[in-house]
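Top to bottom, those sequences are chains A and B. Under my numbering, the residue at position 210 of the first sequence is numbered 278, and the numbers go up by one with no gaps. Under my numbering, the residue at position 70 of the second sequence is numbered 138, and the numbers go up by one with no gaps. A short worksheet on the structure shown next.
There are 2 protein chains.
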Amino acid sequence: MTRVGVCLSGCGVNDGSEIHESVITLLALDRAGAEVVFMAPDIDQMHVVDHRTGEPIPGEVRNVLVESARIARGEIRDVAEVQASDLDALIFPGGFGAALNLCTFGVDGPTCTVHPAVAQLTRAVHQAGKPIGAMCIAPALMAKIFEGVTAVNLTIGTDAATAEAIGALGARHTSCPVTEFVVDRENKLVTTPAYMLAQRISEAAEGIEKMVKTVLEMA
Amino acid sequence: MTRVGVCLSGCGVNDGSEIHESVITLLALDRAGAEVVFMAPDIDQMHVVDHRTGEPIPGEVRNVLVESARIARGEIRDVAEVQASDLDALIFPGGFGAALNLCTFGVDGPTCTVHPAVAQLTRAVHQAGKPIGAMCIAPALMAKIFEGVTAVNLTIGTDAATAEAIGALGARHTSCPVTEFVVDRENKLVTTPAYMLAQRISEAAEGIEKMVKTVLEMA
Chain A
69 MTRVGVCLSG CGVNDGSEIH ESVITLLALD RAGAEVVFMA PDIDQMHVVD
119 HRTGEPIPGE VRNVLVESAR IARGEIRDVA EVQASDLDAL IFPGGFGAAL
169 NLCTFGVDGP TCTVHPAVAQ LTRAVHQAGK PIGAMCIAPA LMAKIFEGVT
219 AVNLTIGTDA ATAEAIGALG ARHTSCPVTE FVVDRENKLV TTPAYMLAQR
269 ISEAAEGIEK MVKTVLEMA
Chain B
69 MTRVGVCLSG CGVNDGSEIH ESVITLLALD RAGAEVVFMA PDIDQMHVVD
119 HRTGEPIPGE VRNVLVESAR IARGEIRDVA EVQASDLDAL IFPGGFGAAL
169 NLCTFGVDGP TCTVHPAVAQ LTRAVHQAGK PIGAMCIAPA LMAKIFEGVT
219 AVNLTIGTDA ATAEAIGALG ARHTSCPVTE FVVDRENKLV TTPAYMLAQR
269 ISEAAEGIEK MVKTVLEMA
């Protein structure tokens, strides 16, 4: 059975993992017969956002691993305890959490920092020749992690400013419609725009399902 | 375009809506071309559970409508402001929130109370001859709402104690495997066990997708 890590960053598009993307990924993996290993860093979220108003809630603190456990129904590991040898592939859903909790790209752009265990595991999976999938804003995290390591080809859709920031990290951005995906066969990196472009959940799902299928074919 | 209300109860299986069930419902509705109207009551959750440990967090307070907005990506209405005439059908995902926040069945059993606006809207949708779907533990909520109104036929899977409590409310429980569903054609009520029985997300999805299809056919 193919074991696929899914690295979460909280629970909710504005301060954590995009929930639809995470569940669509899980469902596609399960339907393909893969075993999912959920993981997240054991750190506080950068902030907590009221998803009804879109405004941050001053003083509120939530833990990324604990909130991610809502999506994982409790079956989740601290990313710091996961080894590349535990996995056959690794996938990153999007949501602001990928750009605020797993790294600081959403605040700092190309000069951002990445959570050490997330960076270490991702590079180790890559070095082991195993495929990586990323969607929505998470490809920016991949660009930072592989800065100075290898020139990855990826997509975050069509957003010009984000594409430019990704270029500054030494990655190549390819524009891509929401229902499609970009494959970097040399680096075994598969990316799809998801909610960077999706107007409806079914649009995001089409691209994510194709991405998951391609990751599993490479695993 | 068919407008389908989806009534949420928070964000997370242990104290709110079951996230997988909610997203699978949304995706099935969107793929069928239906318009989804998310709603939830504007009340505090009964409690907040750490989904990593499964333990309640003493003193923590979260609002059902605000947390449900995480699943709805901000597009959600207070259930008290939704009219039956706004909808062609109404669906209830499960999760403990359906039995702790939308009603008190999870604490009080057959003598539970139901959030007034949830009960009122559900009865109005039924009286208007529009179909209702419910999954997981949410059929118990339906049994309470229709107690003394009409004898509904439904399923929560195979759990004997819950089935007995449902019987005490005047409803008829039919055992049902996770990948199937039960239709009460007279009352236009369609139910499926989902995570009352599911061991894998793909099992829950199969039953939910069939339930959604049947609700839309009745709408």
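Even for Gly, the Cβ is constructed at its ideal location relative to N, Cα and C. Treat the numbers as computed from the prediction; the structure is a model and nothing was measured.
The beta strand (DSSP E) runs of length 3 or more contained entirely in the segment 255–281 of chain B are, from start to end of the chain, 257–260. The alpha carbon of A:Met286 has as its nearest neighbour, out of A:Ile159, A:Gly84, A:His119 and A:Asn131, the alpha carbon of A:Ile159. Within chain B, Val91 and Leu95 have C-beta atoms less than 8 Å from the C-beta of A:Ile92, given in sequence order. Take the alpha-carbon of A:Arg141 and the one of A:Thr247: they are about 28 Å apart. Between A:Thr242 and A:Pro207 a beta carbon distance of about 10 Å is seen, past the 8 Å cut, so the two are scored as non-contacting. Nearest CB-CB separation between A:Gly122 and chain B: below the 8 Å threshold. Under the three-state reduction of DSSP, B:Glu123 is assigned to strand. For A:Ala157, the uninterrupted beta strand (DSSP E) run begins and ends at Ala157 to Phe160, by DSSP. Among the residues of chain B, none has a CB under 7 Å from the CB of A:Leu76; the nearest is roughly 12 Å distant. With a contact defined as Cβ atoms closer than 8 Å, A:Ala262 and A:Met203 qualify at about 4 Å.
Around the beta carbon of A:Val182, 16 or more other beta carbons lie within 10 angstroms, which makes this residue buried. By the CB criterion at 8 Å, B:Ile224 and B:Ile213 fall outside the cutoff. DSSP places B:Phe106 within a strand segment (E or B) once states are collapsed to three. When the Cα atoms are used, B:Ala185 and B:Ala148 turn out to be separated by approximately 5 Å.
Identification of residues in the segment 130–152 of chain A having a C-beta nearer than 9 Å to some C-beta of chain B yields Asn131, Leu133, Val134, Glu135, Ser136, Ala137, Arg138, Ile139, Ala140, Arg141, Gly142 and Ile144, given in sequence order.
Distance from the CA of A:His115 to the CA of B:Arg130, rounded to the nearest whole angstrom, comes to 16 Å.
Taking the Cα positions, A:Thr230 is about 14 Å away from A:Asn221. Straight-line spacing of the CA atoms in A:Asn255 and A:His194 works out to 7 Å. Within chain B, the residues whose beta carbon sits less than 9 Å from that of A:Gly80 are Cys79, Glu135, Ala137, Arg138, Ile139 and Arg141, listed in sequence order.
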